[in-house]
Amino acid sequence: MQRTAVNPWDWSLKLGYNQAEIIEGTSRQLICAGQTAVDAEGNPQHAGDMRVQISLALDNLEAVLAKADMSLSNVIRLVVYATDVDEALKNFDLLGMRFGSIQCAPPMTLLGVTRLAIPGLLFEIEATAAA
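Counting in the working numbering, the sequence shown runs from 926 upward without gaps.
In structure tokens form, the structure reads like this:
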């Protein structure tokens, strides 16, 4: 898979994402449902702790990707939902640690929402991946 960043401006790079990417040479695409801070039985974890919820949601995303023989390096788009955007942004270093270490900056959208599907959840991340 060949990725070509498209950034008419560079401000988003400081936040860890490209404005767009041209993706070429793929043979498979994976559309992931939103991943949250739930355990293997779907029970919400870490009520009220945005940072730990983000970390667990990323762990769960990585588990889904691994089951499809992919990794975070295959992610080509992210959509993030947070019940408190300011609190989520304070903890976006977690995304930077995971995606920055592999030099992957997929286009991303962050949306503030009043609540998520399961009460107590604060953060949800959807991904599209390709290989």
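C-beta: ideal position from N, C-alpha, C; glycine also.
Start-to-end residues for the beta strand (DSSP E) that takes in residue i
i       : result
LEU955  : 954–956
GLY941  : Premise fails: GLY941 is in no beta strand (DSSP E) and is neither H nor E.
THR1034 : 1033–1037
ARG928  : 927–931
GLU949  : 945–949
Extent of the continuous alpha helix (DSSP H) to which residue i belongs
i       : result
MET975  : 975–992
ALA1013 : 1010–1015
Assumed close pair residue i, residue j - CB separation to whole angstroms, cut-off 8 angstroms
i       : j       : result
ASP1009 : MET975  : 7 angstroms
LEU1003 : ALA1052 : 6 angstroms
ALA982  : ILE1043 : Not confirmed; about 12 angstroms, so no contact.
ASN999  : ALA1056 : 5 angstroms
PRO1032 : ALA958  : With 8 angstroms as the limit, PRO1032 and ALA958 do not qualify as a contact, their Cβ atoms being about 19 angstroms apart.
ILE956  : ASN1016 : 25 angstroms between Cβ atoms; not a contact.
ALA1030 : GLY941  : 6 angstroms
ALA993  : PHE1048 : That belief does not hold up - the Cβ atoms of ALA993 and PHE1048 are roughly 22 angstroms apart, past 8 angstroms.
LEU1035 : VAL1005 : 5 angstroms
Short CB-CB distance (under 8 angstroms) between residue i and chain D
i      : result
VAL963 : Note that chain D does not occur in the displayed structure, where there is just one protein chain.
Which of helix, strand or coil DSSP assigns to residue i
i       : result
ARG1040 : coil
Per DSSP, cross-strand counterpart(s) of residue i
i       : result
PHE1048 : ALA1007
THR1053 : ILE956 and ARG1002
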